[in-house]
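Chemist: Let me give you the structure first, and then I'll get to my questions.
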Amino acid sequence: MLKREMKPENDRSRKVRFRIASSHSGRVLKEVYEDGRPAGSLDSECASICGIDGLSESDGQQNGHIGLEGDEQENDQDNLLVLARAASEKGFGTRRVNILSKNGTVRGVKYKVSAGQALFNNLTKVLQQPSTDVEFDRVVIYTTCLRVVRTTFERCELVRKIFQNHRVKFEEKNIALNGDYGKELDERCRRVSEAPSLPVVFIDGHYLG
203 MLKREMKPEN DRSRKVRFRI ASSHSGRVLK EVYEDGRPAG SLDSECASIC
253 GIDGLSESDG QQNGHIGLEG DEQENDQDNL LVLARAASEK GFGTRRVNIL
303 SKNGTVRGVK YKVSAGQALF NNLTKVLQQP STDVEFDRVV IYTTCLRVVR
353 TTFERCELVR KIFQNHRVKF EEKNIALNGD YGKELDERCR RVSEAPSLPV
403 VFIDGHYLG
């Protein structure tokens, strides 16, 4: 310690231009005076401290480089994983998959495809059905004025008179005068699984008979 505190007189008279200190410990490692010459040789303690500081700094830099290299490797691995995932997704999107077998049937669970087709076919039919709200509080009678089949004509006349005698308002659709009424009757009877046998009565959109 005495060696560090004792300095030559010429060093005391000279003004220090700048000092070099350790970034790790903050100790002054070297002094440069205004005449441009450095200070005298450092003592053994300072030299040892410098060695320790240098080693610590070099270790820190090496550790920092190792850490950076490790981070870069991890980033590279992540980038490779992302690229591999993107490539696999792209390949899956562009690859054509054949769902037909050699026999021409669709691959999948037995009867599941046919059941799905039947479901969607029935769904489209249901969606195409006219709403019963349109015929709410209404009575619709499908009749005919043709006398080719006498019993059919007499039944139509009888049903018409029953509603007239009870003063019930009804809408008569004569299929002999309008062919669209016949197609409409066939469709409505098919939905309720009934044969179109005249006369046919619908009340509030529901099949009566």
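The sequence shown finishes on residue 411 if you use the numbering used here, and the numbering steps up by one all the way, no holes. Cβ coordinates follow ideal geometry from the N, Cα and C atoms, glycine included.
#1: Per DSSP, what kind of secondary structure is R229 in: helix, strand or coil?
#2: Quick one: residues in its chain with C-beta nearer than 6 Å to the C-beta of A378, no 5 flanking neighbours on either side, listed in chain order?
#3: Does the count of Cβ pairs from the region 354 to 361 and the region 401 to 408 closer than 8 Å reach three?
#4: Quick one: Cα of A223 to Cα of Y235, how far?
#5: Helix, strand or coil: which one does DSSP assign to K217?
#6: Looking only at DSSP bridge pairs, what is E374 linked to?
#7: Candidates G228, F365, A320: which alpha carbon is nearest V342's?
#8: Mark G256 as exposed unless 16 or more other C-beta atoms lie within 10 angstroms of its C-beta, in which case mark it buried.
#9: Can you tell me which of E233, F338, R229, V350 puts its alpha carbon nearest to the alpha carbon of K422?
#10: Distance, Cα to Cα, G381 vs K371?
#11: Tell me F365's beta-bridge partners as DSSP assigns them.
#12: Tell me the rounded alpha-carbon separation between V361 and H368.
#13: If you draw a straight line from the alpha carbon of Y383 to that of C358, how long is it in whole angstroms?
#14: Going straight from the alpha carbon of K363 to that of A320, what length do you get?
#15: Tell me the rounded alpha-carbon separation between C391 and R340.
Modeler: Reading off the structure:
#1: coil
#2: T346, C347, L348
#3: yes
#4: 15 Å
#5: coil
#6: I343
#7: F365
#8: Legend: pLDDT at G256 = 49, less than 50; position of this residue unreliable, value from coordinates given subsequently. Answer is exposed; the Cβ neighbour count stays below 16.
#9: Residue coverage of the chain in this structure runs from 203 to 411, which leaves residue 422 outside it and unanswerable.
#10: 23 Å
#11: Beta-bridge pairing links F365 to no other residue.
#12: 11 Å
#13: 15 Å
#14: 43 Å
#15: 18 Å
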